Amino acid sequence: MGSLKVPLLAAALALGTLHPAFAQTFEDRSDLLAGYARQDLTVGGDAIVGAAWLDYDRDGRLDLFLPGAKNQPNALFHNDGDGTFSDVAVSAGVAGGQGHNGVVAADFDDDGFPDLFLGGTGGMAGFEHSAAALYRNRGDGTFEDVIAGSGIDAPDTALSAAAADVDGDGRLDLFIAAAGSLARKVQFGSKLYRNRGSFRFVEITRRAGVGTTRGACVNAFTDADGDGRVDLLVGDCNDVTLAPTPIELFSNRGGGRFADVTVEAGLDKGGYWMGVCPADFDRDGDIDVFATNFGSFLPFTPHALYRNEGDGTFVDVAAESGLADLEFGWGCSSADLDNDGWADLFFAGSLPPFDVIGTGKGNPGTHLWNDHGRGFVDRTGEMPVDLSGRFTTGVATGDYDNDGFPDVVVTTSEIDGDGRRPVLLHNLGGANNWIALDLEGTTSNRDAIGARVRVRTAGQTQTRELRAGSSVVSTDSHRLHFGLGEHASADSVEVRWPSGRVDTLRDVGANQVLRIVESRAAPRRRLSVRGPAPGAPGAGGRRPFGELRLPRR
C-alpha cells in the first residue's frame, strides 16, 4: 500500500479539474424513512444505533432494518420496488420494543432467508441493559424471536456483533463485542458462540482463545493473513478506566481456535477504536484496515489506516494519507461509491454536546474518494446534508434501487428534534460500469460469508470479502459490488469460497447482477459466462439481472 504514502489532496483543489469525468454525488432521501425517529438517552439507552441492509423476502430488492430504543418499536422498511419503503415491522413480527443498538443480518439456519441478531441497549450508560433478540426468518415474510432456547447469553453491554464460520463446519457462528460500563465501572467480556444448527449455540470464548475484556465496541471477521480462514478483529474503545486500548487481532489457527497476534501484527497502538473497515485500498490483494478514533475531537487520538504488509504485519499510514486528524467517527464503510474500481471511505459519528471539547462540532459525514491509490480526496463539502449537528453513530451501505451504485444510510439518536431521524443518501451514480455478485454457498455456509472475490479487469485486480456485520452496530449489504470504470466487462471473476473451493468465471459483462452458486466439483473450476441469463431488467435500463449456477457433482 505504499502508493497511499502521500498527503491527502487539499479539499480546496478544483476536483473537477483534476478528474473532469467524475461527477458522482448524492441526494438526501431521508423522507423515504419517515415514521422512524430514535429517542434514546431519555429512555435509558446508550444512544448508539446501527442499521442493516438485507433482502429478507428474497425479492431481489434491499430492505432496511433499524433498531428501536427502549419502549420504541424497531423498523423494518420493506423495499416496495417503486422508489419507496413501507414499515412492516409489526406484521413481520420484529417490532420488539425492549430496545436494541447493534444488528447483524445473517442466515444462521442455512435456509436461504436472512435472520437477525440484535444486541440490547442501556448497559454502558448505567441503566438496566435490555435483552438481546434472535429473530428467525420463517421465509414467509414473518419472523419469530428464538433467543430463549438458543443458548445465547449476551453480555450485559452487548454492542456490535458479527457472524462467520470460524471452524469450517458450514454454519455461521456469532461473536458479540461487549463494551465496559463507565457508569458502573464494570468491564464485561466479549463472547464467541459456535452454531450447532437449528438455532442452538454454545459459548466457546475461552476454548477458542478470543476472550477479551478491554471494552470492545466493534468487531469484524476478515482473512488478515490470506490463509483462507477468517480471523477476528476487535476494536476496543470503552475501557472503564478510560485507558487507550488496541485493535486486537486473533489469528484463526483452524478448528475454531485462535491466537492473539495483536502485538506481532503491529496493531497494539492505544486508541478508542469505534469503527473498523477492512478493505484492499491499494489493490495489492491484501486486506488493509481503516479504523475510526476520536480524531480531531481529542489530542493524540488519530484515526488509523493500517496497511497490510502481506507478511502478517500492518503499518499505520493514516498520517501520510491525511486521514489521521479528521473529525471524530463511529461507523464507517469502505464501499466503491463511484464504481471506479477503488474502495472509497465514508464515515460519520459524533457525541453530544458538540461544544465541550475539540473542534466544537460533530462529524459532518466525511466522504473520502480514493484517488486510484494515490491518496484520498475529501469530498465532504459536496454532501447534500450536514450531519455535524446530529448525534450520528451507525453507517451501512447497500444499493437499494438496483442501479449499480451503493447508497448510504446513517443512523442518529438524539434527545429531541429532527436529528433523531436516519439519513438516507441516495447515490446518483455516474457513467462508470459495474458488476455485482449474489453468492450462495453449498458446502460453505449458504450466505457465503467469508468468501473472497477477485475481479480482474485490464490487468488490474480488485479484492473484496463478504462479511456479516460491518463497522459498528451495523450490517452492509451482502451483495458484493465491483466498479469497472469505463470497462465494458471483467476479464475474470474468481470466488474463493469459505470451503476452500475456487470457481473462476471469464469475460463477465458489465452492469448486471450475477447470482453464483458454489460448485460441488473439484476444488478449482473455470467457467465462461456468455452473458446474463433472462431476468427482470435492472433500474435505469441497465442490463438484466442474471443467474449463474455452477455445476454440482
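Following this note's numbering, the numbering of the sequence shown begins with 3 at its first residue and continues without gaps. Heads up, the beta-carbon is just placed ideally off N, CA and C, and yes, glycines get one too. Bear in mind the structure is a predicted one, so any value in this text is a computation, not a measurement.
Coarse secondary structure for residue i, derived from DSSP in three states
| i | result |
| --- | --- |
| F302 | coil |
| I149 | helix |
| R173 | coil |
| T264 | helix |
| T413 | strand |
| V467 | Residue identity differs from the one stated: residue 467 is Glu in this sequence, not Val. DSSP places E467 in strand when its eight states are reduced to three. |
| R138 | strand |
| D233 | strand |
| E322 | helix |
| D286 | coil |
| A94 | helix |
| G391 | coil |
| R448 | coil |
| D112 | coil |
| G432 | coil |
| V425 | strand |
| G297 | helix |
| A12 | Only weak support is given to the placement of A12: the predicted model assigns it a pLDDT of 30, under 50, and the question is left unresolved by the model. |
| S183 | strand |
| R27 | Inspection of the sequence shows that residue 27 is occupied by Thr rather than by Arg. Coil, per DSSP. |
| R527 | Bear in mind that a pLDDT of 40 at R527, under 50, signals an unreliable position, so the number given afterwards is only what the model happens to contain. Three-state DSSP puts R527 in a strand. |
| D440 | strand |
| D155 | coil |
| L269 | coil |
| D33 | helix |
| G533 | Interpretation of G533 is limited by its pLDDT of 35, a score under 50 that renders its predicted location unreliable; the figure taken from the coordinates is listed afterwards. Looking at G533 - three-state DSSP - the assignment turns out to be coil, as it is neither helix nor strand. |
| V106 | strand |
| V168 | coil |
| T44 | helix |
| R255 | strand |
| S132 | coil |
| A39 | coil |
| F119 | strand |
Residue j beta carbon less than 9 angstroms from that of residue i
| i | j | result |
| --- | --- | --- |
| F145 | D117 | yes |
| D167 | G452 | yes |
| S494 | A512 | no |
| F330 | G364 | yes |
| V236 | A179 | yes |
| A281 | S336 | yes |
| I249 | G211 | no |
| R309 | D284 | yes |
| A134 | L56 | no |
| G98 | G47 | no |
| E488 | A433 | yes |
| A222 | R469 | yes |
| R466 | R498 | no |
| V410 | F348 | yes |
| R508 | L64 | no |
| F119 | A165 | yes |
| G471 | S162 | yes |
| P408 | S473 | no |
| L516 | A460 | no |
Cβ shell of residue i (< 7 angstroms), same chain only, five flanking positions each side left out
| i | result |
| --- | --- |
| S93 | none |
| F203 | S152, G153, I154, L176, Y195, R196, N197 |
| G172 | T445, S446, N447 |
| R186 | G128 |
| G256 | R231 |
Same chain, Cβ closer than 6 angstroms to residue i, five either side skipped, listed in chain order
| i | result |
| --- | --- |
| L78 | F67, V90, A91, A94, V96 |
| D59 | G143 |
| G312 | D288 |
| L307 | F292, V319, A320, S323, L325 |
| G485 | D338, N341, D342, G343, N434, W436 |
| V412 | A350, T394, V397, V425 |
| P246 | G272, G273 |
| T159 | G125, M126, A180, A181, S183, F190 |
| F115 | N139, G141 |
Distance cut-off 8 angstroms: residue i Cβ against heavy atoms of the ligand SAH
| i | result |
| --- | --- |
| G487 | Of ligands this structure carries none, so the ligand SAH is not represented either. |
Nonlocal neighbours in the same chain, by C-beta distance under 8 angstroms from residue i, ignoring five residues either side
| i | result |
| --- | --- |
| G191 | P157, A180, T207, G213, T214, T215 |
| D227 | D233, S253, G314 |
| T463 | R285, G287, R456, V457 |
Interface flag, residue i vs chain C, CB-CB below 9 angstroms
| i | result |
| --- | --- |
| T315 | Of the protein chains in this structure there is only one, and it is not chain C. |
Quiz item: Counting pairs of Cβ atoms below 8 angstroms between the region 41 to 60 and the region 123 to 135, do you hit three or more?
Solution: yes
Quiz prompt | Contiguous beta strand (DSSP E) assignments of at least 3 residues, all confined to the region 325 to 386 | solution = 347 to 349, 368 to 372, 378 to 380
Practice problem: Within the region 186 to 253, note down every full beta strand (DSSP E) run reaching 3 residues or more, in order along the chain. | Solution: 193 to 199, 202 to 205, 218 to 224, 233 to 238
Quiz item: Taking one C-beta from the region 25 to 37 and one from the region 425 to 435 each time, how about it: are there three or more such pairs within less than 8 angstroms?
Solution: yes
Self-check item: Cβ pair count under 8 angstroms reaching 3, the region 333 to 347 against the region 269 to 279
Solution: They touch, by the three-pair rule.
Quiz item: In chain order, which beta strand (DSSP E) runs of at least 3 residues are fully inside the region 50 to 92?
Solution: 54 to 56, 65 to 68, 77 to 81, 87 to 89
Exercise. Could you pull out every unbroken beta strand (DSSP E) segment of at least 3 residues lying fully inside the region 466 to 520, listed in chain order?
Key: Secondary structure remark: continuous beta strand (DSSP E) runs of at least 3 residues inside the region 466 to 520, in chain order: 482 to 487, 491 to 498, 504 to 511, 514 to 519.
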